[in-house]
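Heads up, the thing below is written out as structure tokens.
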Amino acid sequence: MKCISYVRFALLDRIADNTNRLLIDGHRTASASGGTFQTLNPATGEVLATVAEAGVADIDAAVRSSRAAFEGAWSHMRASERGALLLKLADLIRRDEDELVRLESLDSGKPVSAIRRQDLPAVLDTLTYYAGMADKISGQVIPARPDALTYTVREPLGVVGAIIPWNFPLMIGMWKIAPALACGCTVVLKPAEVTPLTALKIGELALEAGLPAGVLNVVPGFGKVAGQALVDHPDVDKVTFTGSPVVGRQILQGAAGNLKRVTLELGGKSANIISSDADIDAAVKAAGSGIFFNTGQVCSAGSRILAHESVYDEVVERLAARAKSTRIGDPLDASTAMGPVVSEVQMQRVLNYIDIGRNEGASIVTGGARRGDAGYFVEPTVFAGVRHEMRISQEEIFGPVAAVIPFKDDEDAIRIANGTVYSLAAGVWTGDIARAHRFTKKLKAGTVWVNTYGPTDIRLPWGGSRDSGFGREHGDAAIDNFTEPKAVWINTGR
Ligand code: NAD
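Our numbering numbers the first residue of the sequence shown as 2 and each following residue consecutively.
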């Protein structure tokens with residue numbers, strides 16, 4: 002058994018560290034300005050750690066270091082060696098799993114049970130999947146002309162700026178780091194300012210695994226300063242971003258400077274459609290986790306539950322019962338199912354939306370308030386009587402708030418489901434295979450789930466369109482994101 006006291010010691014050590022320093026070019030360093038910020042524990046509202054705050058000069062240093070690593074050690078390595086280093090990193094993550102789980106939980110408020118069941122396995126799966134791909138990225142011989150040998154090679158783009166949100170810091174971070182490194186790019190990772198700690202730990206483990214200095218730099222800081230500096234930097238080749246549509250638009254503008262490639266994974270207001278012929282038990286169970294998992298802070302949360310009018314009352318009643326029975330509490334307690342939202346700002350945003358829903362005339366069946374006065378807990382909330390045009394049906398709340406909307410027939414359900422600015426994900430519950438196919442065809446979404454809600458897998462493309470962004474992560478798509486083809490034309494003569 003792993004020595005618990007060691008784990009606790011290492012964790013306290015990290016948290017008590019006078020500053021959790023930036024990780025640039027293989028060194029833990031204070032920021033150039035000496036600036037720091039605090040990260041809080043959302044379950045208590047107390048200060049968890051002081052963290053060095055990256056400014057423009059630090060981002061510049063990180064980008065220079067990543068450029069040097071890209072031109073140097075990383076490019077000189079065999080692809081299979083890059084893959085082996087990613088596997089080594091996976092081993093170290095397994096070794097330090099307890100520390101990572103607790104750190105992620107303390108910093109984000111996510112329950113340890115969920116991190117162990119979902120986030121950590123996804124991180125390891127992502128690493129091993131792309132480790133295996135590193136030496137299988139190839140071009141094509143394309144017989145264009147009889148007097149030439151013409152072929153393509155896939156080359157890494159260069160320095161990648163990865164900007165991530167706070168809802169799945171470890172998992173979304175790895176969705177970007179692993180494929181970028183497998184492709185031979187180097188990465189400057191900017192975690193969200195409210196959850197910087199596990200990114201720094203991953204950076205340290207990467208060094209311990211043997212990744213050369215500069216291959217992965219980690220620069221916590223604020224979006225408007227550190228994030229923007231990374232986006233504006235002329236020597237960054239690609240920005241891969243997960244976050245809000247508002248910031249996504251700012252990133253596009255910043256990236257225009259040197260025409261960086263950009264991938265945007267943004268928000269959602271996904272519909273989970275329950276037809277009259279659905280297995281209502283299974284549908285309601287999944288609808289509950291679809292909106293309450295991770296306290297509703299999921300881009301693909303099934304925040305709009307569309308129930309056929311013949312089953313509407315039953316769905317509302319059962320969903321409310323599930324909400325009431327959700328175990329809310331200390332995220333470090335293994336039996337906790339739902340923790341706090343990530344910050345006071347986020348809590349106020351969610352509570353404000355609950356007021357908006359009330360004022361719009363929707364009725365709260367359960368929840369609707371803050372839970373307790375320590376930390377940022379919000380009750381799982383179910384709104385009934387929601388109309389499609391209401392703001393709580395159109396806008397992303399990013400909290401544990403379900404809007405249950407009735408529909409008359411399939412066409413009505415599709416009209417409502419497609420009727421927001423988002424197109425990230427959708428679910429449909431039905432016992433009729435033909436109906437399922439009609440829905441999958443007509444729903445505007447990057448992912449459509451049938452008789453399930455919410456699973457993702459690194460092998461399947463992930464992303465959306467319209468205000469949910471563009472480009473796809475995962476699978477082969479991520480390899481395309483971090484490489485570009487070079488055409489080679491060798492004149493052979495006839
Ligand atoms: P956010 O957009 O506020 O912040 C995301 C990241 O961008 C943070 O690291 C932040 O510091 C940085 N940032 C902020 N302003 C910036 C700027 N001007 N330039 C560069 N970087 C900047 O989002 P959030 O509040 O952290 O996360 C919630 C949002 O993320 C939601 O809208 C959610 O739907 C979305 N999200 C999408 C997915 C997906 O896969 N589609 C996954 C998770 C979260």
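Backbone N, C-alpha and C fix where the C-beta goes; we use that ideal spot for every residue, glycine too.
Query, Result
"Inter-residue Cα distance where the pair is residue 301 and residue 317", "21 Å"
"Close-in-space but distant-in-sequence residues of the same chain around residue 321 (CB under 6 Å, 5 per side omitted)", "366, 367 and 383"
"Host alpha helix (DSSP H) of residue 323 (start-end)", "313-326"
"9 Å Cβ cutoff met for residue 189 and residue 161", "yes"
"C-beta atoms of residue 456 and residue 293 nearer than 9 Å", "no"
"Sequence-distant residues of the same chain with beta carbon closer than 6 Å to residue 185, five excluded per side", "157"
"Spatially closest choice to residue 307 from 385, 199 and 346, by CA coordinates", "385"
"Own chain partners of residue 284 with C-beta closer than 7 Å, once the 5 adjacent residues on each side are dropped", "275 and 430"
"Own chain partners of residue 445 with C-beta closer than 6 Å, once the 5 adjacent residues on each side are dropped", "419 and 424"
"Check whether residue 129 and residue 173 have beta carbons under 9 Å apart", "no"
"Start and end residues, beta strand (DSSP E) containing residue 428", "426-430"
"According to DSSP, residues forming a beta bridge with residue 157", "484"
"Beta-carbon proximity of residue 422 to residue 388, cut-off 9 Å", "no"
"Proximal residues to residue 164 (C-beta, below 6 Å), its chain only, five neighbours per side dropped", "191, 228 and 242"
"Residue from 40, 461 and 116 whose Cα sits closest to the Cα of residue 343", "40"
"Cβ distance (whole Å) where residue 207 is taken to contact residue 101 below 8 Å", "Not quite, the Cβ-Cβ distance comes to about 13 Å (not below 8 Å), so this is no contact."
"C-alpha distance - residue 273 paired with residue 83, whole-angstrom precision", "40 Å"
"Closest Cα partner of residue 51 within the set 221, 417, 266 and 405", "221"
"Beta-carbon spacing of residue 426, residue 269 below 9 Å", "yes"
"As assigned by DSSP and simplified to three states, the class of residue 103", "helix"
"Buried versus exposed, by CB contacts within 10 Å (16 or more), residue 56", "buried"
"Burial state of residue 6 (16 or more Cβ within 10 Å)", "Residue confidence for residue 6 is low, a pLDDT of 42 falling below 50, so the modelled location carries little weight; the figure read from the coordinates is stated next. So residue 6 ends up on the exposed side."
"Nearest candidate by alpha-carbon position, reference residue 45, set 341, 364, 303 and 476", "341"
"Test item: CB-CB of residue 201 and residue 21 under 9 Å", "yes"
"Supposed contact pair residue 179 and residue 127 - C-beta distance, whole angstroms, cut 8 Å", "5 Å"
"Exposure label - residue 168; buried when at least 16 CB within 10 Å", "buried"
"Three-way DSSP call (helix, strand, coil) for residue 176 in this model", "helix"
"Alpha carbon of residue 224 to alpha carbon of residue 194, nearest angstrom", "7 Å"
"Contact under 9 Å by Cβ, residue 198 with residue 47", "no"
"Nearest residue (CA-CA) to residue 94, options 27, 209, 326 and 479", "209"
"Contact test: residue 229 Cβ vs ligand 1 heavy atom, cutoff 8 Å", "yes"
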